[in-house]
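Novice:
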Amino acid sequence: MRRQEMSHSIDPMLRVTGLQTYFDTEDGVVRAVDDVSFELSKGETLGVVGESGSGKSVTGLSILRLIPSPPGRIAGGSVQFDGDDILAMPESAVRAIRGRRISMIFQDPMTSLNPFLRISTQLCEVSMLHLGHDRAAARRHAIDMLRKVGFSDPERRIDGYPHELSGGMRQRVMIAMALSCGPELLIADEPTTALDVTIQAQILELIKQLKEETGTSVMLITHDLGVVAGMADRVIVMYAGRIFESAPTAEIFASPANPYTIGLLRSVPDPTHEEGERLYQIPGTPSSASSEAAGCPFAERCGRAEAICRREQPRLTEVASGHHSYCHFAKEIYAPTRI
Amino acid sequence: MSEDLIKIRDLKVHYRTGRRLFGSGSDVRAVDGVSLDIRRGETLGLVGESGCGKSTLGRAILRLTEPTSGSISYDGEDLLSLSGGEMRRRRKRLQMIFQDPYASLDPRMTVGQIIAEPIRTFESVSRRDAESRVTRLMETVGLSPKFIRRYPHEFSGGQRQRIGIARALAVEPEFLVADEPISALDVSIQAQILNLLQDLRAEQRLTYLFISHDLRAVRHISDRIAVMYLGRVVELADARDLYDDPLMPYTQALISALPVPDPKVEARRERITLKGEIPSPLDPPEGCHFHTRCPYAVESCKRSTPQLVEIKPRHFAACSRIGPGTPDIRSV
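So the protein sequences, as listed, match chains A and B. Sequential numbering from 1 applies to the first sequence in the working numbering. Sequential numbering from 340 applies to the second sequence in the working numbering.
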């Protein structure tokens, strides 16, 4: 139903259409991801921005079918990757894609690295499994990968354990592991959120540089608008399981067309502000997931809301080429940048 | 009344981490000779990366962590000479807000009991008076008093932080240490809490020590900012001056590493990327702690420890390569 959104590229590498991921809880069905559609071209970096409960991480996990079930389930939609629907594949076929053609890194590398295994064991496993390396070749490859992600003495570090490394170095190991098989897509879920700013800058620089070298597409999931501003080609803003706005990066920052995006942008402290100035604040608390209630899930927090917003769900409206907003008043809000 | 509410002199907090029963372990020098003044009514921001000692310094002022040496004078009184009981009574005037609104609230107590606890500890008030004060406090921090009998788990992260703030304000303190009060919160909620803290300061004439790794938030809320690196204060200035004209190479790198939510700025700016990791506070480098990562380091930086010097009016930095006549590290 959102075919028009695909107009910006002819042959996307990843095409997510109408994705619905639900969780069955004691309090009923939580629609963590509700009718999400987007696409990602080869070599592109897509930023996915949202607050907790927006569905941004669940979207990433759904693409690789990593949703724990129960309580989670993919209730609808498709994930076309290189022509095939990942959601319709047998599990064995998905396993051949995971880690080899699409890989994922997470916020806390310590939860993804096994604390009892040497780094060498964990790194070699990937290329032995997917690239058919023997032990010696896998070790050579692992050392190369560690050097590529910035280890100055990979021959020595490779036999250590994860706990011997700092948070930043562990995230480098995760990136080495994720890129070990030359994937076509890297899904990075808050990759720098647990790191100090100076280390964050290093890791973002590394992802950028490796992306340029390998041509890997990146889906960068983050709550930090600053991170997407410097990294992404296009941005999706999610709220309550839905895409609220999507646009090329420069466009969404210059001419946001959704009250939620505008609120988010304005609530970040601006270092050039006047002393004692108050921050813009969005009232209320983020809605955790879309309910079946009528109307826009942001209506109760929205300063722009009118009666229709509480009554009817908005539609994703195209305000400019490749720029969509989920808002009844998208066209009125949108103000194209005048250069 | 003196302008300075708190005077910290050469404060050290060292932890012993020896694993052996006998013999000496090694010391973590979490706070390693900090001198700072906090003025009445100001918000002093304290920034730095993990392990720099900023939280330890905050806790040490309230003696929640015992300092190893140095002095802390609060309103003219030496806090470190007080007995345990005297210090506990003094905490009516000095309160703290914590980072994790999940871990700092007792899950078995109702919101009313949590906020009333400091009142009942410090004052003898009737149950009814306590409850009416709790009601007013909840309104002050933006919580509906109808939730007074609810438990912490029934609230969102932002609301829990409001409960923590109400508890800290319950005994009408003068000085608040806010230790990463917004780090665990969503972006839209961070703005709400920053605004609340700012309003409360104006209404109740509070003095804040605002500790955070988020330089943007610190810049927003603070009058002055102190930057810490491995247990030492390396730069101290008015917030605007520190942000617009950082003198220490470390502060420059910290500001340049901060992602800016504007693609135009991100595209054209030159980032100072620091090499290497933050060294362990167990074994900090000799001399200037920052010399291992500093792009401007020379031989002497490895030996001599730079002192905090007033480089420009009201702007102090601890870097031996710059001085009042040569404030710009890039041109020395």
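Backbone N, C-alpha and C define an ideal beta-carbon position, used for all residues, glycine too.
#1: Considering only residues of the same chain and omitting the five flanking positions on each side of A:M6, which have a CB-CB separation below 8 Å?
#2: Buried or exposed: where does A:H163 fall if 16 or more other Cβ atoms within 10 Å of its Cβ makes it buried?
#3: Helix, strand or coil for A:F253? Go by DSSP, reduced to three states.
#4: Check each residue of the region 238-266 of chain A: if its Cβ is closer than 7 Å to any Cβ of chain B, include it; give the result in chain order.
#5: Do B:Y635 and B:I611 have their CB atoms nearer than 8 Å?
#6: Using a C-beta cutoff of 8 Å, does B:P600 count as contacting chain A?
#7: Per DSSP, which residues does A:F38 bridge with? Please list them.
#8: A:E51 versus chain B: which residues are under 9 Å apart at the beta carbon?
#9: So, is A:K148 buried or exposed, given that buried needs 16 or more other C-beta atoms within 10 angstroms?
#10: Going along the chain, which residues of the region 17-33 of chain A sit with their C-beta nearer than 7 Å to a C-beta in chain B?
#11: If you reduce the DSSP assignment to three classes, tell me which class B:Q434 lands in.
#12: Return the bridge partner residues of B:L515 from the DSSP annotation.
#13: Closest Cβ-Cβ distance between A:D196 and chain B: below 8 Å?
#14: On the DSSP letters alone, give me the boundaries of the alpha helix (DSSP H) that A:P109 sits inside.
#15: Measuring alpha carbon to alpha carbon, tell me which residue in B:R427, B:S408, B:H353 and B:G451 is nearest B:G392.
#16: Am I right that B:P491 and B:P457 are in contact with their C-beta atoms under 8 Å? What's the rounded C-beta distance?
#17: So B:Q531 contacts chain A; which residues on that side make the cut at Cβ distance below 7 Å?
#18: For B:L401 versus B:M448, is the C-beta spacing smaller than 8 Å?
#19: Counting only runs that start and end within the region 382-418 of chain B, where is the beta strand (DSSP E) found for 3 or more residues in a row?
#20: Does DSSP classify B:P491 as helix, strand or coil?
#21: What whole-angstrom Cβ distance do B:G496 and B:L444 have, given they're in contact under 8 Å?
#22: In the DSSP assignment, what residue or residues form a beta bridge with B:K614?
#23: Contact criterion: CB-CB distance below 8 Å. Does B:H628 meet it with respect to chain A?
#24: Of all Cβ atoms in chain A, is any one closer than 8 Å to the Cβ of B:S497?
#25: Touch check for the region 43-54 of chain A and the region 219-237 of chain A: three-plus C-beta pairs under 8 Å?
#26: Across the region 398-412 of chain B and the region 579-592 of chain B, are there enough close Cβ pairs to call them in contact, namely three or more that are closer than 8 Å?
#27: Below 8 Å on the Cβ atoms is my guess for A:V79 versus A:D85; work out the distance and round it to an integer in Å.
#28: With a CB to CB cut of under 7 Å and the five nearest residues on each side skipped, what residues in its chain are close to A:Q200?
#29: In angstroms, rounded to a whole number, what distance separates the CA positions of A:Y280 and B:C658?
#30: From the DSSP secondary-structure annotation, give me the bridge partner or partners of B:V370.
#31: Nearest to A:F23 by alpha carbon, out of A:A88, A:G55, A:E51 and A:P115?
#32: The ligand ZN and A:I102: does any heavy atom of the ligand fall closer than 7 Å to the residue's C-beta?
#33: Assign A:M6 to one of three DSSP states: helix, strand, or coil.
#34: Check whether the Cβ atoms of A:P68 and B:A556 lie closer than 8 Å to each other.
#35: Just the chain B side, please: which residues come within less than 8 Å of A:T285 by C-beta, in chain order?
#36: Give me the subset of the region 580-612 of chain B whose CB atoms are less than 7 Å from a CB atom of chain A, sorted by chain position.
Specialist: Concretely, from the data shown:
#1: Taking the first sequence and counting its residues from 1, one reaches residue 6 of chain A at position 6. For A:M6, the pLDDT reaches just 44, beneath the cut-off of 50, and the residue's location in the model is therefore unreliable, although a value from the coordinates is still provided. Excluding positions up to five away in sequence, the list reads P12, R15 and E39.
#2: By 1-based counting over the first sequence, the position of residue 163 of chain A is 163. Counting the other CB atoms within 10 Å of its CB gives A:H163 a total below 16, which places it among the exposed residues.
#3: Taking the first residue of the first sequence as 1, we reach residue 253 of chain A at position 253. Of the three classes helix, strand and coil, the one that applies to A:F253 here is helix, per DSSP.
#4: So the list reads T249, A250, F253, G263, L264 and L265, given in the order they occur along the chain.
#5: Position 296 of the second sequence, counting from 1, holds the residue named residue 635 of chain B. Position 272 of the second sequence, counting from 1, holds the residue named residue 611 of chain B. No, the pair does not count as a contact, with Cβ atoms beyond the cut-off.
#6: Indexing the second sequence from 1 puts residue 600 of chain B at position 261. So yes, B:P600 belongs to the interface.
#7: On the first sequence, residue 38 of chain A is found 38 positions in, with the first residue counted as 1. Paired residues: A:V16.
#8: Reading the first sequence from its first residue, position 51 is the one you call residue 51 of chain A. At a beta-carbon threshold of 9 Å, the residues of chain B lying near A:E51 are D525, V526, S527 and I528, ordered along the chain.
#9: The count along the first sequence starts at 1 and reaches residue 148 of chain A at position 148. Around the C-beta of A:K148, 16 or more other C-beta atoms lie within 10 Å, and the residue is accordingly described as buried.
#10: Taking 7 Å as the Cβ-Cβ cut-off against chain B, none of the residues of the region 17-33 of chain A qualify.
#11: Position 95 of the second sequence holds residue 434 of chain B. B:Q434 falls in the strand class under three-state DSSP.
#12: Here residue 515 of chain B corresponds to residue number 176 of the second sequence, with the count starting at 1. Answer is B:Q434 and B:Y547.
#13: The residue given as residue 196 of chain A occupies position 196 in the first sequence. Answer yes: the Cβ-Cβ gap between A:D196 and chain B drops below 8 Å somewhere.
#14: Residue 109 of chain A sits at position 109 when you count from the first residue of the first sequence. P109 to S112 is the extent of the alpha helix (DSSP H) around A:P109.
#15: For this step, residue 392 of chain B is matched to residue 53 along the second sequence. The residue with the shortest Cα to Cα distance from B:G392 is B:H353.
#16: As a working mapping, residue 491 of chain B is identified with position 152 in the second sequence. As a working mapping, residue 457 of chain B is identified with position 118 in the second sequence. The beta-carbon distance between B:P491 and B:P457, rounded to whole angstroms, is 16 Å. This is too long to meet the 8 Å contact definition.
#17: Numbered from 1 along the second sequence, position 192 holds the residue referred to as residue 531 of chain B. What B:Q531 touches in chain A: Q281.
#18: Against the second sequence, residue 401 of chain B aligns to sequence position 62. Against the second sequence, residue 448 of chain B aligns to sequence position 109. B:M448 sits away from B:L401, with the two beta carbons spaced by 8 Å or more.
#19: Within the region 382-418 of chain B, the complete beta strand (DSSP E) segments of 3 residues or longer fall at 382-386 and 408-413, listed in chain order.
#20: Along the second sequence, read from residue 1 onward, the residue named residue 491 of chain B stands at position 152. If DSSP states are grouped into helix, strand and coil, B:P491 belongs with the helices.
#21: The count along the second sequence starts at 1 and reaches residue 496 of chain B at position 157. The count along the second sequence starts at 1 and reaches residue 444 of chain B at position 105. Contact between B:G496 and B:L444 is ruled out by a C-beta separation of about 11 Å, above the 8 Å threshold.
#22: As a first step, residue 614 of chain B is located in the second sequence; it is residue number 275 there, counting from the start. According to DSSP, B:K614 bridges with nothing at all.
#23: Working through the second sequence from its first residue, we reach residue 628 of chain B at position 289. So, not an interface residue.
#24: The residue you call residue 497 of chain B lines up with position 158 of the second sequence. Checking the displayed sequence, the identity of residue 497 of chain B turns out to be Gly instead of Ser. Under the 8 Å criterion on CB atoms, B:G497 is classed as interfacial with respect to chain A.
#25: Contact between the region 43-54 of chain A and the region 219-237 of chain A is present, because at least three Cβ pairs lie under 8 Å.
#26: The region 398-412 of chain B vs the region 579-592 of chain B: no contact.
#27: For the purposes of this step, residue 79 of chain A is identified with residue 79 of the first sequence, where counting begins at 1. For the purposes of this step, residue 85 of chain A is identified with residue 85 of the first sequence, where counting begins at 1. By a beta-carbon distance limit of 8 Å, A:V79 contacts A:D85. Their separation comes to about 6 Å.
#28: Here residue 200 of chain A refers to the residue found at position 200 of the first sequence. Excluding positions up to five away in sequence, the list reads T192.
#29: For the purposes of this step, residue 280 of chain A is taken as the residue at position 280 of the first sequence. For the purposes of this step, residue 658 of chain B is taken as the residue at position 319 of the second sequence. The alpha-carbon atoms of A:Y280 and B:C658 are separated by roughly 37 Å.
#30: Within the second sequence, residue 370 of chain B is the residue found at index 31, counting from 1. Its beta-bridge partners are B:V352.
#31: By one-based count along the first sequence, residue 23 of chain A stands at place 23. Selected option, being the one with the closest Cα: A:G55.
#32: What this structure holds is no ligand at all, so the ligand ZN is not there to describe.
#33: Locating residue 6 of chain A in the first sequence gives position 6, counting from the first residue. Only weak support exists for where A:M6 lies, its pLDDT of 44 falling under 50; the coordinates are left without a value.
#34: Residue 68 of chain A sits at position 68 when you count from the first residue of the first sequence. Residue 556 of chain B sits at position 217 when you count from the first residue of the second sequence. Note that the C-beta distance between A:P68 and B:A556 is not below 8 Å.
#35: Sequence index remark: in the first sequence, residue 285 of chain A carries index 285 (1-based). Neighbours of A:T285 on chain B, chain order: S495, G497, Q498 and I528.
#36: If you check each beta-carbon in the region 580-612 of chain B against every beta-carbon of chain A, the ones closer than 7 Å belong to Y582, A592, L593, A596, L597, P598, V599, P600, D601, P602, E605, R610 and T612.
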